[in-house]
Amino acid sequence: MASDKTNSSEHNKKQDRRTKRLSMNIWVVLLALAAVVGYIAGTYHYQIEAAIGPVFGYKAHDGSLDLTSLQQTYSNLAANFDGKLDTRLLIEGANRGLVDAAGDHYTVYMSPTEASDYQKTLSGNIGGGIGAEIGLKNNQVTIIRTLKGNPAEKVGLAAGDTILNINDQPTSGWTVEKAVGQIRGDEGTTVKLMVKRGEIVKEYTVTRAIINNPSVESSVTGELGILTITRFDEETASLARLAARDFKKQGVKSIILDLRGNGGGYIDAARDIAGLWLRNEVVVTQRTGTTVRSTLRTGDDAILSGLPTAVLINGGSASASEIVAGALQDYKVAKIVGEKSFGKGTVQQLLPLDGGAQLKVTIARWYTPGGRNITKDGVNPDTAANLSQSDIDNSIDPQMDAAKKLLGL
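For the sequence shown, the numbering used here begins at 33 and goes up steadily by one.
Okay, structure coming up:
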């Protein structure tokens, strides 16, 4: 029995050694396989991405970027420049130049400060500013809208004004983010703007103030509900839904949706606003090239469905505003009143970069339910109506009057 136990013990030890060798061999094979897979993935990264990228809805790179010349430029600069170099600024400039060279003024590199300011704009937490929304029109820094009761309006600035200089710096070639960053500052300080309106050039000195800019305002007059949306941010849909429910409680029979000067914002918010009128309908389709990237559809809570509606737009109504106006127009649930909209039919995505910087990159074009991409052409009103500076100065609103007339009011 002792001998049997000994033999059994030796057999078990041999079995353990074979098991360990087998386990070790498996690990060696797995490591080798991982190395091979890693090599293939690294060597043929772009070929693999080109093959499977479209399946997952993204576009493959054309190839790796050769940074040899950039490194050579930096080496020669560092070796020969007569002065002190700030490597942080050099890297920021290289990033900005790389993105600018894409040739799309909606695709921009934002420094950490610019990225922070941009997020504040989207949230409405503007801080010290002049109370004006800024955009690019014909590649020029332009005032899209002035906020009622805020410094820009008080000094006489108006929508459509082209900002030529900010604090004596020419704005030619600037991004919106850079212009906004220069205009903002501490409350009580001033910013100097040289502005062109028509053929007249004039300089304004504006004192910055804390800006309160809610994205949704509503009012009821008789049986008319007026819903004004100034941008599409994270709270816009919920605020508009509350206003819509209040309209129903007060017995509102017709609606005016005012999107004038609304430069856009989040597409999801635009979908939800359109969903106040549209039940389970496609609002917008995003395409990259000929490939459908995504389709956004409304829910079933169409609180304002069936109510006669007019939508006010102008040249400052852009992007998400045009998505809403275009969808309501295509489904014939609202009449569009005012002026041709801005004409921005592209979609941007925010991508985080190291150190708090961000890349805002055009990833697709969007199309209305009727298949329209409104880039450059904009959304055309069903009923044209203009609003002049003289009208504003005299507190009259022919566009609002036209919308009321269309609704029989």
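The beta carbon of each residue, even a glycine, is placed where N, CA and C say it ideally should be.
Close CB contacts of residue 150 within its chain, under the 7 Å cut and outside five residues either way in sequence, are with 142, 209 (chain order). Within its own chain, the residues whose Cβ lies closer than 6 Å to the Cβ of residue 214, once the five positions on either side in sequence are excluded, are 198, listed in chain order.
For residue 358, the enclosing alpha helix (DSSP H) stretches over residues 352 to 362. Taking the Cα of residue 348 as reference, the smallest distance to any Cα among 297, 440, 285 is reached at 297. Put simply, the region 380 to 391 does not touch the region 310 to 322. Fewer than three CB pairs are less than 8 Å apart. Looking from the CA of residue 186, the closest CA among 344, 132, 115, 425 belongs to 425. Bounds of the alpha helix (DSSP H) holding residue 108 are 100 to 112. Non-local beta-carbon contacts of residue 429 in its own chain, meaning distances under 8 Å to residues more than five positions away in sequence, involve 419, 423 in chain order.
Of all alpha-carbon atoms in 227, 406, 108, the one lying nearest the alpha-carbon of residue 398 is that of 406. Judged by their CB atoms, residue 413 and residue 363 are not nearer to each other than the 8 Å cut-off. From the listed residues 124, 332, 195, the smallest Cα separation to residue 144 is found for 124. Excluding sequence positions up to five before and after residue 113, its CB lies less than 8 Å from no other CB in the same chain. Taking all protein chains shown into account, residue 202 has fewer than 16 neighbouring C-beta atoms within 10 Å of its C-beta and is therefore exposed. For residue 305, the enclosing alpha helix (DSSP H) covers residues 299 to 306. Under DSSP, residue 197 shares a beta bridge with 202, 226. Distance check between residue 148 and each of 390, 427, 394, 437 places 390 closest, using alpha-carbon atoms only. For the pair residue 404 and residue 311, the Cα-to-Cα distance works out to about 21 Å. Around the beta-carbon of residue 218, fewer than 16 other beta-carbon atoms lie within 10 Å, marking it exposed. Across the set 120, 354, 161, the C-alpha of 161 shows the shortest separation from the C-alpha of residue 220.
Taking the C-beta atoms as reference points, residue 336 is found no nearer than 8 Å to residue 299. Within the same chain, 222, 224 come within 6 Å of residue 237 by CB-CB distance, once the 5 residues on both sides are set aside. Uninterrupted alpha helix (DSSP H) stretches at least 4 residues long and entirely within the region 113 to 143 occur at 119 to 132, given in chain order. The C-beta distance from residue 137 to residue 194 rounds to 15 Å, too long to meet the 8 Å contact threshold. Where residue 271 is concerned, the enclosing alpha helix (DSSP H) starts and stops at 268 to 281. Fully enclosed beta strand (DSSP E) runs of no fewer than 3 residues occupy 314 to 320, 323 to 329, 341 to 345 of the region 308 to 346, in order along the chain. DSSP places residue 249 in the strand class (E or B) of the three-state scheme. Counting along the chain, residue 290 sits inside the beta strand (DSSP E) bounded by residues 286 to 290. When rounded, the separation of the alpha-carbon atoms in residue 427 and residue 369 is 19 Å. With a 10 Å radius around the Cβ and a threshold of 16 neighbouring Cβ atoms, residue 435 comes out buried. Beta-bridge analysis with DSSP links residue 239 to 222. Proximity to residue 169 across 181, 285, 191 peaks at 191, based on C-alpha coordinates.
Secondary structure note for residue 424: it is in no beta strand (DSSP E), and the uninterrupted alpha helix (DSSP H) holding it is 421 to 425. Residue 369 carries a strand assignment under DSSP once its states are collapsed to helix, strand and coil.
Residue environment for residue 388: exposed (fewer than 16 other C-beta atoms within 10 angstroms of its C-beta).
When 421, 99, 356 are compared, the shortest CA-CA separation from residue 411 is found for 356.
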